[in-house]
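Visitor: Counting the sequence shown from 1 gives a position; our numbering is that position plus 1381.
Mind having a look at this structure? Questions to follow.
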Amino acid sequence: MIKISLLLIIAFILGSIPFGIIIAKAKGVDLKKVGSRNIGATNVLRSLGRWPAALTLLGDILKGAVAVAIGRYLGVGPLYEGLIGISAILGHNFSIFLGCKGGKGVATSFGVLLIYTPQAAVITLLLWLLVAFFTKYSSLGAIVAFGLFPVNILLFDPDSKGKLPIAIIITMLILIRHRDNIQKLMKGTERKIGERA
C-alpha cells in the first residue's frame, strides 16, 4: 500500500501542473483574469490562440496518460490504475500550485482514458469531436462524450466490469466541474469554440 499511496501522490502532483497558466504567463497573460478564467485549453484558445492552446492541451493530456502509464508499468492492476488516473484528474481540478483551484479536467481525463481504456477513449474523442463540430460548444462535447463514457466502456472494453466504477467516477467529476457550463448552455450564454475573450 505504500507504493500505491506514493503513486497516488505523484499522480496528484503531476495533475496539478498548470500548463495553461505556465504557457499564458510566458506570453505575458494571466489566464485567471481573462476569458472564462479557466486554466484549460479552451480558454487558452480564446485568449491566446491556437498554438498556445495546442500546447496546453498536449500538456494536460500527458499528465493523465503518464500517471496511469507509471501505474501500469509497475503492475498495480486495473483498479489502482484507475484510482491513480482519478488522482491526476483531481490534481488538475484542485491544483496544489493554484491554491486547490484548477480546471475542469477534460483533457487530463482523456489522457487517463488513452492508457486505461484506449477503445473507449477513441469513442469518447469521436463523440466530443462530433458534438463540438456541429454545435461549436466544447463544453457540450465534453458533457455528452463523458456522460456516455460508462456506456462506451461497457460496449467497447473487454475488461469493462472491473473498470466501470472508475468510469462512473470520472463521468461524475466531469459533470460536476461543468455545472456552470450546463447552466450557461441552458440560458444560451455559453461561449462557442474560438470565440474571443
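Glycine included, each C-beta is placed from N, C-alpha and C at the ideal position.
Taking only runs that begin and end inside the stretch 1479-1561, name each unbroken alpha helix (DSSP H) of 4 or more residues, in chain order.
Guide: Listed in chain order, the alpha helix (DSSP H) runs fully inside the stretch 1479-1561 are 1487-1497, 1499-1516, 1519-1528, 1530-1537 and 1541-1558, counting runs of at least 4 residues.
Visitor: Please name the residue or residues paired with Leu1397 in a DSSP beta bridge.
Guide: Here residue 1397 corresponds to residue number 16 of the sequence shown, with the count starting at 1. Here residue 1397 is Ser; the residue named in the question, Leu, does not match the sequence. Partner(s): none; Ser1397 has no beta bridge.
Visitor: Go ahead and label Pro1531 buried or exposed: buried means 16 or more other beta carbons lie within 10 angstroms of its beta carbon, across all protein chains shown.
Guide: By one-based count along the sequence shown, residue 1531 stands at place 150. So Pro1531 ends up on the buried side.
Visitor: Return the residue from the list Ala1523, Val1493 and His1473 that minimises the CA-CA distance to Leu1507.
Guide: Start at 1 with the first residue of the sequence shown, and residue 1507 comes out as number 126. When each option's Cα is compared against that of Leu1507, the closest is Ala1523.
Visitor: Considering Gly1409, what are the terminal residues of the alpha helix (DSSP H) in which it resides?
Guide: Residue mapping note: residue 1409 aligns to position 28 of the sequence shown, counting from 1. Counting along the chain, Gly1409 falls outside any alpha helix (DSSP H), and DSSP gives it neither H nor E.
Visitor: With distance defined between alpha-carbon atoms, name the residue in Ser1417, Leu1438, Ile1391 and Lys1384 nearest to Ile1404.
Guide: Position 23 of the sequence shown, counting from 1, holds the residue named residue 1404. Nearest of Ser1417, Leu1438, Ile1391 and Lys1384 to Ile1404, Cα basis: Leu1438.
Visitor: Taking the continuous alpha helix (DSSP H) assigned at Arg1431, which residues delimit it?
Guide: The sequence position of residue 1431 within the sequence shown is 50, counting from 1. It spans Arg1431 to Tyr1454 - the alpha helix (DSSP H) in which Arg1431 sits, taken as one unbroken run.
Visitor: Under the rule that 16 or more other beta-carbon atoms within 10 Å means buried, what is Lys1444, buried or exposed?
Guide: Within the sequence shown, residue 1444 is the residue found at index 63, counting from 1. Looking at its Cβ environment, which holds 16 or more other Cβ atoms inside 10 Å, Lys1444 is buried.
Visitor: Between the Cα of Val1449 and the Cα atoms of Ile1547, Arg1560 and Gly1569, which residue gives the shortest distance?
Guide: Position 68 of the sequence shown, counting from 1, holds the residue named residue 1449. The shortest Cα separation from Val1449 among Ile1547, Arg1560 and Gly1569 belongs to Ile1547.
Visitor: If you follow the alpha helix (DSSP H) that Leu1468 is part of, which residue opens it and which one closes it?
Guide: As a working mapping, residue 1468 is identified with position 87 in the sequence shown. As written in the sequence, residue 1468 is Ser, which differs from the Leu given in the question. Pro1459 to Asn1474 is the extent of the alpha helix (DSSP H) around Ser1468.
Visitor: Assign Arg1427 to one of two classes, buried (16 or more other C-beta atoms within 10 Å of its C-beta) or exposed (fewer than that).
Guide: Within the sequence shown, numbered from 1, the residue matching residue 1427 stands at position 46. Arg1427 comes out buried.
Visitor: From the DSSP output, in three-state form, read off Ile1563 for me.
Guide: Mapped onto the sequence shown, residue 1563 falls at position 182. Helix, per DSSP.
Visitor: Cα-Cα, which of Ala1407, Ile1391 and Leu1511 is closest to Ala1446?
Guide: One-based indexing of the sequence shown puts residue 1446 at position 65. Residue Ile1391 is the option with its Cα nearest to Ala1446.
Visitor: Taking its Cβ as the centre, do 16 or more other Cβ atoms sit within 10 Å of Asp1561, making it buried, or is it exposed?
Guide: Counting from 1 along the sequence shown, the entry for residue 1561 is found at position 180. Asp1561 comes out exposed.
Visitor: Short of 7 angstroms in beta carbon distance, which residues of its chain neighbour Lys1408, apart from the five on each side in sequence? Order them along the chain.
Guide: For the purposes of this step, residue 1408 is taken as the residue at position 27 of the sequence shown. Closer than 7 angstroms at Cβ, skipping near neighbours: Leu1429 and Pro1433.
Visitor: If you draw a straight line from the C-alpha of Ser1541 to the C-alpha of Val1487, how long is it?
Guide: Against the sequence shown, residue 1541 aligns to sequence position 160. Against the sequence shown, residue 1487 aligns to sequence position 106. If you take the alpha carbons of Ser1541 and Val1487, they lie about 21 angstroms apart.
Visitor: For Asp1411, is the classification buried or exposed, using 16 other Cβ atoms within 10 angstroms of its Cβ as the cut-off for buried?
Guide: What you label residue 1411 is simply residue 30 of the sequence shown in a count that begins at 1. In the assembly as shown, Asp1411 is an exposed residue. Its beta-carbon has fewer than 16 other beta-carbons within 10 Å.
Visitor: When you compare only the Cα positions, how much space is there between Gly1452 and Thr1489?
Guide: Residue 1452 sits at position 71 when you count from the first residue of the sequence shown. Residue 1489 sits at position 108 when you count from the first residue of the sequence shown. Roughly 16 angstroms between the two C-alpha positions.
Visitor: Assign Ile1402 to one of three DSSP states: helix, strand, or coil.
Guide: Within the sequence shown, the letter at position 21 stands for residue 1402. Three-state DSSP puts Ile1402 in a helix.
Visitor: Out of curiosity, what's the CA-to-CA distance linking Gly1472 and Lys1517?
Guide: Here residue 1472 corresponds to residue number 91 of the sequence shown, with the count starting at 1. Here residue 1517 corresponds to residue number 136 of the sequence shown, with the count starting at 1. Cα to Cα, Gly1472 sits roughly 28 angstroms from Lys1517.
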